[in-house]
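Taking it in order: structure first as structure tokens, then the write-up.
Residue numbers (the UniProt record's numbering): 1 to 230.
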């Protein structure tokens, strides 16, 4: 069963899409703004996305840009913006197809069939398992272990850790983490990250006071260093 993430703040359209998609055998999850769309995409891992550009918090172009930092899932834009400039910008950012509102359901399902053919031809995204000397993170199963012992993480802790693990040895800005995990209105609340990174270190680091894996880059962001320092 192909899973579809529908991202739109128009309740009537979301309801119509859910009914029609479900009737055709698709599994459907929904989001009404950009922040929840990014979180749902990261946690639910849908096969493809139907995305409105005119969202109440983050512009849909930014949602596309964020998704493309970690996923190649097909993105079909559904938008009332009908200028060539809007279409070119969305496609150049990473969208696969652009459907202008209002649209017919048969037009939409034709686009979905194209996207599904692409999925069938493409190789599946490999499972991501990252091992350190202290713990192992299995992104596909959303589990963390220290040796044979499972480590319980809260949903927020996992969301932060996954962002870092997916970008090993790369600086991930605090702003990116805050907007992806909590939403754009939390972009200036860096103390949230300090609290949750301290919790993650207590659960994962051999010595939380001197972290080796979850590194703070002061004033900029955070970095996951999977290899032990020499």
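Just so you know, even glycine gets a beta-carbon here, dropped at the ideal spot from N, CA and C.
Predicted model only: the values in this text are computed from it and were never measured.
| field | Alpha-carbon to alpha-carbon, residue 24 and residue 176 | value | If you number the chain shown from 1, residue 176 lands on position 176. If you number the chain shown from 1, residue 24 lands on position 24. Straight-line Cα distance between these residues: approximately 36 Å.
| query | What did DSSP end up calling residue 5 once you bin it into helix, strand or coil? | reply | By one-based count along the chain shown, residue 5 stands at place 5. The answer is strand: DSSP assigns residue 5 an E or B state.
| task | Determine contact between the region 16-33 and the region 157-172, defined as no fewer than three beta-carbon pairs at a distance below 8 Å. | result | no
| field | Bridge partners - residue 223, DSSP secondary structure assignment | value | If you number the chain shown from 1, residue 223 lands on position 223. Looking at the DSSP assignment, residue 223 forms a beta bridge with 171, 215.
| request: In the DSSP assignment, find the unbroken beta strand (DSSP E) run with residue 31 in it and report its ends. | output: Numbered from 1 along the chain shown, position 31 holds the residue referred to as residue 31. That run of the beta strand (DSSP E) goes 27-31.
| query | Using a Cβ-Cβ cut-off of 8 Å (strictly less than) and excluding sequence neighbours within five positions of residue 257, which residues of its own chain qualify? | reply | The displayed coordinates of the chain run from 1 to 230. Any statement about residue 257 would go beyond what the structure contains.
| message | To test your reading of the DSSP string, which unbroken beta strand (DSSP E) runs of 3 or more residues are found completely within the UniProt domain "Response regulatory" (3-116)? | response | 3-7, 27-31, 48-51, 75-79, 97-100
| task | Could you check which residue in 227, 160, 139 has the C-alpha nearest to that of residue 128? | result | Taking the chain shown and counting its residues from 1, the one referred to as residue 128 is at position 128. Of 227, 160, 139, the residue nearest in Cα terms is 139.
| message | Assuming the contact rule is C-beta atoms closer than 8 Å, residue 205 and residue 134 should be a hit. Round their C-beta distance to whole Å, please. | response | For the purposes of this step, residue 205 is identified with residue 205 of the chain shown, where counting begins at 1. For the purposes of this step, residue 134 is identified with residue 134 of the chain shown, where counting begins at 1. 7 Å between Cβ atoms; contact.
| field | Own chain residues within Cβ distance below 6 Å of residue 123, not counting five before or after | value | Counted from its first residue, the chain shown places residue 123 at position 123. Residue placement at residue 123 is flagged as unreliable, the pLDDT there being 47, under the threshold of 50; the coordinate-derived value follows with that caveat. Excluding residues within five positions, none has a Cβ falling inside 6 Å.
| task | Ignore the nearest five residues each way along the sequence and tell me which others in residue 183's own chain have a CB closer than 6 Å to its CB. | result | For the purposes of this step, residue 183 is taken as the residue at position 183 of the chain shown. Closer than 6 Å at Cβ, skipping near neighbours: 35.
| request: Give a yes or no on whether the minimum CB-CB distance between residue 105 and chain C is below 8 Å. | output: Considering every chain present, this structure includes no chain C. It has just one protein chain.
| field | Where the alpha helix (DSSP H) through residue 202 begins and ends | value | Your numbering for residue 202 matches position 202 in the chain shown. Residue 202 -> alpha helix (DSSP H) spans 190-204.
| task | For residue 148, name the three-state secondary structure that DSSP assigns. | result | By 1-based counting over the chain shown, the position of residue 148 is 148. Correct three-state label for residue 148: coil.
| message | Just list the residues that DSSP pairs residue 131 with in beta bridges. | response | The residue given as residue 131 occupies position 131 in the chain shown. Looking at the DSSP assignment, residue 131 forms a beta bridge with 136.
| request: Sort 136, 142, 203, 14 by Cα distance to residue 45 and report the nearest one. | output: Residue mapping note: residue 45 aligns to position 45 of the chain shown, counting from 1. The shortest C-alpha separation from residue 45 is found at 142.
| query | What's the gap between the Cα of residue 146 and the Cα of residue 11? | reply | Along the chain shown, read from residue 1 onward, the residue named residue 146 stands at position 146. Along the chain shown, read from residue 1 onward, the residue named residue 11 stands at position 11. Rounded to the nearest angstrom, the two C-alpha atoms are 44 Å apart.
| task | Inspect the beta-carbon positions of residue 119 and residue 49 and report whether they are closer than 8 Å. | result | The residue labelled residue 119 in the question sits at position 119 within the chain shown. The residue labelled residue 49 in the question sits at position 49 within the chain shown. No, the pair does not count as a contact, with Cβ atoms beyond the cut-off.
| Can you name the residues that DSSP bridges to residue 180? | For the purposes of this step, residue 180 is taken as residue 180 along the chain shown, with counting starting at 1. Beta-bridge pairing links residue 180 to no other residue.
| message | Quick check on the DSSP output: the alpha helix (DSSP H) that includes residue 166 runs from which residue to which? | response | Taking the first residue of the chain shown as position 1, residue 166 is located at position 166. Looking at the DSSP string, residue 166 is not in any alpha helix (DSSP H), and its letter there is neither H nor E.
| task | May I have the straight-line CA-CA distance separating residue 223 from residue 172, to the nearest angstrom? | result | As a working note, residue 223 is residue 223 in the chain shown. As a working note, residue 172 is residue 172 in the chain shown. One C-alpha to the other measures close to 6 Å.
| Quick one: what's got a C-beta closer than 7 Å to residue 217's C-beta in the same chain, skipping five residues either side? | The residue you call residue 217 lines up with position 217 of the chain shown. Closer than 7 Å at Cβ, skipping near neighbours: 171, 223.
| Where does residue 41 land, buried or exposed, given buried means 16+ other C-beta within 10 angstroms? | On the chain shown, position 41 is the one that residue 41 refers to. So residue 41 ends up on the buried side.
| field | Distance between beta carbons of residue 2 and residue 116, contact taken as under 8 Å | value | Residue 116 sits at position 116 when you count from the first residue of the chain shown. Residue 2 sits at position 2 when you count from the first residue of the chain shown. Indeed they touch by this definition, with Cβ atoms about 6 Å apart.
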